[in-house]
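Each residue of the sequence shown is one higher than the one before, starting from 1 at the first, in UniProt numbering.
Cβ coordinates follow ideal geometry from the N, Cα and C atoms, glycine included.
As the structure is a prediction and not an experimental result, all values here were calculated from the model.
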Amino acid sequence: MTVSFHKYGDYFFPGTGDLTDTGELNGKYYTLNVPLKDGTSDDTFHALFKPIMRRVMEVFQPGAIVMQCGADSLAHDRLGCFNMSLRGHGEAIRFMKEFGVPLLITGGGGYTKHNVARCWTYETAILTDTQVPEQLPRSDYHEYFAPDFSLNVSAHKVMDDSNTKADIERIRREVLEYLRHLQHAPGVQMQEVPPDFRVPRYNYDEEPLEERVGKYAREHVIIRDQEEGMGDGTGVGPGGGGWHDPYE
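Have a look at this one:
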């Protein structure tokens with residue numbers, strides 16, 4: 001089971017992760033995408049994260065959790081578009097920790113380095129039940145945390161949250177509906193997969209391109225020349241080059 005809460009739309013990289021992307025074949029509904037818009041706040045995020053993840057834990061009952069905690073969802077990130085505070089970001093870890101399931105935490109994005117340091121310090125403290133002071137101690141990197149030299153990262157006070165109440169309710173309703181399709185708590189134990197096992201191939205040619213990939217992906221796809229009869233794919237012969245962008 002994979003669940004992703006992420007910025008989606010407006011050509012935002014990588015252009016995947018639509019609400020309707022739920023997996024294929026035997027993996028159908030084992031991929032859940034929760035697309036969010038610019039300015040996502042603590043309240044918006046947890047209005048979706050908590051009910052969805054609570055239901056995932058009830059239905060799937062995982063033996064372990066791998067949780068990626070990228071810091072680019074924090075306010076003030078150089079590339080991120082969300083408006084979450086450090087407290088709201090850490091609350092996601094605190095919430096998942098309370099289930100008592102073995103939990104592996106990894107890093108992820110984050111492009112304002114002093115806030116990444118704040119984030120992972122604070123969340124390591126949550127995981128280890130350690131109290132840490134609000135004011136940062138003196139160090140060789142103290143000046144990076146000016147002007148307040150605080151552990152906290154506050155949200156923007158004037159940034160609009162583009163997610164409406166109707167958006168939140170619709171996404172929550174649809175994701176919870178997807179979870180209804182799953183059998184309650186898989187009971188098959190992990191075992192070695194036979195070496196000759198093959199997943200049936202999906203015939204993508206039967207589905208229109210517009211329904212298989214989003215607009216972003218269609219505008220950035222790379223096609224081998226050989227596939228279009230423009231050469232042998234080696235860069236030699238008619239068509240030249242081995243790869244080309246069909247939209248150039």
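Sequence-distant residues of its chain with Cβ nearer than 8 Å to residue i (five each side left out)
| i | result |
| --- | --- |
| Lys28 | Thr22 and His181 |
| Gly108 | Gln68, Cys69, Gly70, Ala71 and Asp72 |
| Leu151 | Leu86, Arg118, Thr121, Tyr122, Val132, Pro133, Glu134, Gln135 and Leu136 |
| His6 | Gly17, Asn33, Val34, Pro35 and Leu36 |
| Val101 | Met57, Pro62, Gly63, Ala64 and Ile65 |
CB contact below 7 Å: residue i versus chain D
| i | result |
| --- | --- |
| Leu179 | No chain D is present in this structure, which holds just one protein chain. |
Secondary structure of residue i, DSSP reduced to three states
| i | result |
| --- | --- |
| Phe5 | strand |
| Met67 | strand |
| Asn33 | strand |
| Leu19 | coil |
CB-CB length for residue i against residue j, believed under 8 Å
| i | j | result |
| --- | --- | --- |
| Asp155 | Asp42 | Reading off the sequence, residue 155 comes out as Ala, not Asp. Indeed, because the Cβ distance is near 7 Å, the residues count as touching under 8 Å. |
| Tyr111 | Arg78 | 4 Å |
Proximal residues to residue i (C-beta, below 7 Å), its chain only, five neighbours per side dropped
| i | result |
| --- | --- |
| Ser162 | Lys37, Asp38 and Gly39 |
| Ala92 | Phe49 |
Other residues of its chain near residue i: CB distance less than 6 Å, five sequence neighbours each side excluded
| i | result |
| --- | --- |
| Leu104 | Val66 |
Are three or more beta carbon pairs between the stretch 171–182 and the stretch 135–154 nearer than 8 Å? no
Does the contact criterion of 3 or more C-beta pairs under 8 Å hold for the stretch 53–68 versus the stretch 113–123? no
With a floor of 4 residues, list each alpha helix (DSSP H) that falls wholly inside the stretch 71–115, ordered by position along the chain. 86–97
Counting beta carbon pairs with one atom in the stretch 35–50 and one in the stretch 85–94, are three or more of them shorter than 8 Å? yes
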